[in-house]
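Colleague: Would you mind keeping the following structure in view while I ask a few things?
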Amino acid sequence: MGLSTTDLKALLLQYGITDRDRVESYVQLSKAGKQPAWWDEYRRYFRSEFVKFLGLESSAVLVRQFQLLLVPGLLQVPAYSRSVMTKFTTDAEQVERGLAARATRQRRLDDPELQHFFVIDESVLYRRITDIDGWRAQLLHLKAVSGQVNATIQILPFKAGFMPGMRSSFQVLELSDELDDLFLTVEQPDGDVYYDDVAGADKAAEFVKIFFQLEEAALPPEETPRVIDKALAGLEEE
């Protein structure tokens with residue numbers, strides 16, 4: 001059981017914290033900590049590792065993601081997400097829960113304090129997952145997000161060839177300003193692998209270096225709208 005507001009104020013007084021605004025901020029944090037987190041409702045639907053990831057992602061200060069095959073989940077429109085999810089399950093309720101969780105996750109794209117860096121293989125722009133209207137909407141959404149100040153999207157062009165970092169898609173969360181406070185997710189055919197122990201932090205640091213190499217090989221962010229427009233033009237020719 002957590003501290004009552006009275007006990008918390010007494011404890012703060014004991015430590016010499018008497019400023020009204022500071023005391024109130026601690027009280028509000030304490031109250032927030034007693035409220036169920038939004039991801040708690042998904043515990044009976046998803047793997048415990050994924051639910052933990054949802055919590056960590058919600059508190060991250062920076063996100064780096066490389067996608068080799070699909071549009072990053074945070075950038076997917078609903079029709080695209082639904083099409084992908086139904087390839088993995090026929091459970092309609094599971095799909096709806098997945099879509100709801102993703103929609104909540106995507107709200108953080110509106111947070112100017114959270115920086116997102118995406119490197120997307122160019123093939124993703126041509127791997128049609130939905131019908132032509134849904135695919136056009138997805139490409140237009142990518143283009144729109146690329147203009148946000150807190151989202152940097154780079155395209156890894158076909159001409160970049162193959163690099164060791166292209167073996168799988170991955171995501172690294174920075175959980176604080178500490179350099180080693182990292183959480184790594186690597187996508188595998190049989191499910192995502194999460195690295196959240198001490199050894200995982202070292203592995204996450206390695207993947208940050210790999211991400212920087214992919215960024216270096218990718219086209220500059222200002223080229224992203226042009227590359228997306230090229231893919232859109234291909235749709236209009238059909």
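Residue numbers (UniProt numbering): 1 to 238. Where is the CB? At the ideal position from N, CA and C, for every residue including glycine.
Work out the CA separation of Ser81 and Glu93 for me, nearest whole Å.
Modeller: Cα to Cα, the separation comes out at about 14 Å.
Colleague: Output the boundary residues of the beta strand (DSSP E) element that contains Val227.
Modeller: Counting along the chain, Val227 falls outside any beta strand (DSSP E), though it belongs to the alpha helix (DSSP H) covering Thr224 to Glu236.
Colleague: Among Leu56, Leu235, Leu173 and Tyr42, whose alpha-carbon lies nearest the alpha-carbon of Leu184?
Modeller: Out of Leu56, Leu235, Leu173 and Tyr42, Leu173 has the C-alpha closest to the C-alpha of Leu184.
Colleague: Pair every Cβ in the segment 158–168 with every Cβ in the segment 104–114, then say whether three or more of these pairs are closer than 8 Å.
Modeller: Segments in contact, no.
Colleague: Would DSSP call residue 243 helix, strand or coil?
Modeller: In the structure as shown, the chain starts at 1 and stops at 238, and residue 243 therefore has no counterpart that could be examined.
Colleague: Taking the straight line between their C-alpha atoms, what separation do you get for Met1 and Ile120?
Modeller: Here the model assigns Met1 a pLDDT of 44, short of 50, so the residue's position is not dependable, and the following value carries that caveat. Going by the C-alpha atoms only, they are around 45 Å apart.
Colleague: Taking the beta carbon of Tyr126 as the centre, do at least 16 other beta carbons fall within 10 Å, making it buried, or is it exposed?
Modeller: Tyr126 should be labelled exposed.
Colleague: Less than 9 Å separating the beta-carbons of Gly134 and Pro225?
Modeller: No, they are not a contact pair.
Colleague: Quick check on this structure: which residue in Leu56, Leu74 and Glu57 has the alpha carbon closest to the alpha carbon of Thr152?
Modeller: Residue Leu74 is the option with its Cα nearest to Thr152.
Colleague: Report the CB separation of Pro78 from Leu99 in whole angstroms; it is logged as a contact under 8 Å.
Modeller: 6 Å between Cβ atoms; contact.
Colleague: Candidates Phe207, Asp131 and Val227: which alpha carbon is nearest Gln65's?
Modeller: Considering only alpha carbons, the answer is Phe207.
Colleague: Spatial neighbours of Pro112 within its chain, please: CB distance less than 6 Å, with the 5 preceding and 5 following residues excluded, ordered by chain position.
Modeller: So the list reads Asn150, once near-sequence residues are dropped.
Colleague: Could you work out which residue in Leu62, Val145, Leu140 and Arg128 is closest to Leu114 when comparing CA atoms only?
Modeller: Among Leu62, Val145, Leu140 and Arg128, the Cα nearest to that of Leu114 is on Leu62.
Colleague: Mind pulling the alpha helix (DSSP H) runs of 4 or more residues that sit fully within the segment 19–107?
Modeller: Whole alpha helix (DSSP H) segments, 4+ residues: 20–34, 48–59, 78–85 and 92–106.
Colleague: Would Glu57 be called buried (16 or more neighbouring beta carbons within 10 Å of its own) or exposed?
Modeller: Result: buried.
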